[in-house]
Amino acid sequence: MAVLWQESEIFRLKKGDRVGLVACSDARPESGREEVGRLCRILRDAGLVPVCGRLLFGKGSRTAPAQDRAWELMEFYRDPSVRAVFDLSGGNLANGVLPWLDFGEIAQSGTIFWGYSDLTAVMGAILSRAGRPSVLWQARNLVQGGEMGKIQISRFLESALGGDRSLFAPECRMLRGVRMEGETVGGNLRCLLKLAGTPYWPDLRGKILVLEARSGKSAMIETMLCQLAQTGAFLQAAGVLLGTFTEMEREGESPSAEEMVLQLSPSGLPVARTAQIGHGADSKAILLGSRAVLGDLGDPE
1 MAVLWQESEI FRLKKGDRVG LVACSDARPE SGREEVGRLC RILRDAGLVP
51 VCGRLLFGKG SRTAPAQDRA WELMEFYRDP SVRAVFDLSG GNLANGVLPW
101 LDFGEIAQSG TIFWGYSDLT AVMGAILSRA GRPSVLWQAR NLVQGGEMGK
151 IQISRFLESA LGGDRSLFAP ECRMLRGVRM EGETVGGNLR CLLKLAGTPY
201 WPDLRGKILV LEARSGKSAM IETMLCQLAQ TGAFLQAAGV LLGTFTEMER
251 EGESPSAEEM VLQLSPSGLP VARTAQIGHG ADSKAILLGS RAVLGDLGDP
301 E
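Residues in the sequence shown are numbered from 1 upward in steps of one, following full-length UniProt numbering.
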């Protein structure tokens with residue numbers, strides 16, 4: 001077992017920092033207001049100042065137009081007192097905001113975007129067009145309750161506001177090869193592929209390609225991995241780190257994502273697996289756009 005080591009100073013917050021809460025994908029339902037209220041209390045108790053976006057919630061299936069959602073995100077980027085943006089949404093609509101984002105302003109901002117799932121499209125575009133890192137992790141993990149909720153809060157406080165790396169140190173095992181090193185890129189497989197053939201597709205050359213999925217049985221995951229292979233992704237990457245593939249693993253379907261990637265990728269490409277990246281309650285974070293090292297290396301520092 002190995003731990004993914006990531007450069008991690010850039011995402012750190014301090015007490016008094018303002019953090020924006022937005023929905024660039026499908027709006028949160030009105031029934032989620034209590035959950036967001038609990039999240040705000042946790043952030044305030046940590047010494048942060050949460051600021052909810054006006055478009056965070058929607059009635060029924062109604063979500064604000066993409067241009068409006070993009071404008072709200074840019075308002076947070078333009079505010080120098082906002083040090084992080086936590087996107088609380090998911091679903092299908094995130095890539096609609098991309099034409100309306102000012103990547104020049106994002107490049108000059110010190111604000112770090114946090115999100116997962118459908119927000120992979122936004123994070124990939126921020127990396128490719130603005131050269132800025134983002135955190136692949138969902139802040140709603142903090143309000144899941146129970147013992148795991150307490151663990152997530154502890155990890156977040158120790159890592160985002162302290163000197164610990166526990167939130168950013170997923171345990172991994174090598175499936176092929178002994179070591180991989182490079183800048184991390186990727187996220188949710190389905191949502192990453194939304195960027196294929198667009199100006200927002202990230203440069204995968206020499207990168208560690210992180211892949212996970214919530215929905216999709218074996219046939220769906222296979223066809224998406226085949227599309228990814230046909231873009232040349234596995235020929236360009238320095239390694240592949242597979243997270244969880246929730247639906248397929250829950251149904252016990254085969255072949256597994258690991259078997260598919262090993263078959264579709266060159267025999268010399270390092271491939272690793274972690275159960276701590278994805279949609280699970282115990283999910284840890286990946287700082288996309290930051291250098292990472294994985295292997296039996298001791299302490300890379």
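Beta carbons: idealized from backbone N, C-alpha and C, even for Gly.
Computed from a prediction, not measured in an experiment: that's the story for all the values here.
Taking C-alpha atoms, which residue in L294, A2, I126 and C40 lies nearest to R140? Position 140 of the sequence shown, counting from 1, holds the residue named residue 140. Minimum Cα distance to R140 is reached at C40.
Beta bridge counterpart(s) of T184 as assigned by DSSP: Residue numbering aside, residue 184 sits at position 184 when the sequence shown is read from its first letter. Paired residue(s): I208.
Is DSSP giving V135 helix, strand or coil here? In the sequence shown, counting from the first residue as 1, residue 135 sits at position 135. Correct three-state label for V135: strand.
What did DSSP end up calling W5 once you bin it into helix, strand or coil? Taking the sequence shown and counting its residues from 1, one reaches residue 5 at position 5. Looking at W5 - three-state DSSP - the assignment turns out to be strand.
Tell me R179's beta-bridge partners as DSSP assigns them. Locating residue 179 in the sequence shown gives position 179, counting from the first residue. The partner list for R179 (beta bridge, DSSP) reads G295.
Using a Cβ-Cβ cutoff of less than 8 Å, which residues in the same chain neighbour M224 once the five nearest sequence positions on both sides are dropped? Translated into positions along the sequence shown, residue 224 becomes position 224. Result list for M224: L189, R190, L193, A213 and G216, in chain order.
Measure the alpha-carbon distance for M148 versus A281 and round it to whole angstroms. Position 148 of the sequence shown holds residue 148. Position 281 of the sequence shown holds residue 281. Cα to Cα, M148 sits roughly 7 Å from A281.
For Y200, which residues from the same chain have a beta carbon less than 7 Å from its beta carbon, with the 5 sequence-adjacent residues on both sides left out? In the sequence shown, the residue the question calls residue 200 occupies position 200. Only L98, G124, A125, S128 and R129 meet the Cβ criterion.
Tell me the DSSP secondary structure of I126 in three-state form. As a position in the sequence shown, residue 126 is number 126, starting the count at 1. It is helical.
Using 8 Å for Cβ pairs, my map puts S290 next to Q108. What's the rounded Cβ distance? The residue labelled residue 290 in the question sits at position 290 within the sequence shown. The residue labelled residue 108 in the question sits at position 108 within the sequence shown. Rounded, the Cβ-Cβ distance is 19 Å, inconsistent with contact.
Among residues of its own chain, excluding the 5 on either side of A169, which ones have a beta-carbon nearer than 6 Å to its beta-carbon? On the sequence shown, residue 169 is found 169 positions in, with the first residue counted as 1. Excluding residues within five positions, the ones whose Cβ falls inside 6 Å are V3.
Host alpha helix (DSSP H) of W114 (start-end): For the purposes of this step, residue 114 is identified with residue 114 of the sequence shown, where counting begins at 1. Run containing W114: none in the alpha helix (DSSP H); it sits in the beta strand (DSSP E), I112 to G115.
Taking the straight line between their C-alpha atoms, what separation do you get for M180 and E30? As a first step, residue 180 must be located in the sequence shown, where it is residue number 180. As a first step, residue 30 must be located in the sequence shown, where it is residue number 30. Cα to Cα, the separation comes out at about 44 Å.
Does DSSP put A272 in a helix, in a strand, or in coil? Within the sequence shown, residue 272 is the residue found at index 272, counting from 1. Strand at A272.
For the pair the stretch 252-266 and the stretch 74-93, tell me if three or more CB-CB distances fall below 8 Å. no
What's the C-alpha gap between L175 and P80? As a working mapping, residue 175 is identified with position 175 in the sequence shown. As a working mapping, residue 80 is identified with position 80 in the sequence shown. If I take the Cα positions, the gap works out to 43 Å.
Note down, in chain order, each residue of its chain lying with its Cβ closer than 7 Å to the Cβ of residue 303, except the 5 sequence neighbours on either side. Past the edges of the chain, shown from 1 to 301, lies residue 303, and the structure says nothing about it.
Helix, strand or coil for C191 per DSSP? Counted from its first residue, the sequence shown places residue 191 at position 191. Looking at C191 - three-state DSSP - the assignment turns out to be helix.
Reducing DSSP to helix, strand and coil, say where L48 ends up. If you number the sequence shown from 1, residue 48 lands on position 48. Coil at L48, not helix or strand.
Evaluate M248 with the Cβ neighbour count: other Cβ atoms within 10 Å of its Cβ, from every protein chain shown; 16 or more gives buried, anything less gives exposed. Within the sequence shown, residue 248 is the residue found at index 248, counting from 1. Burial call: buried.
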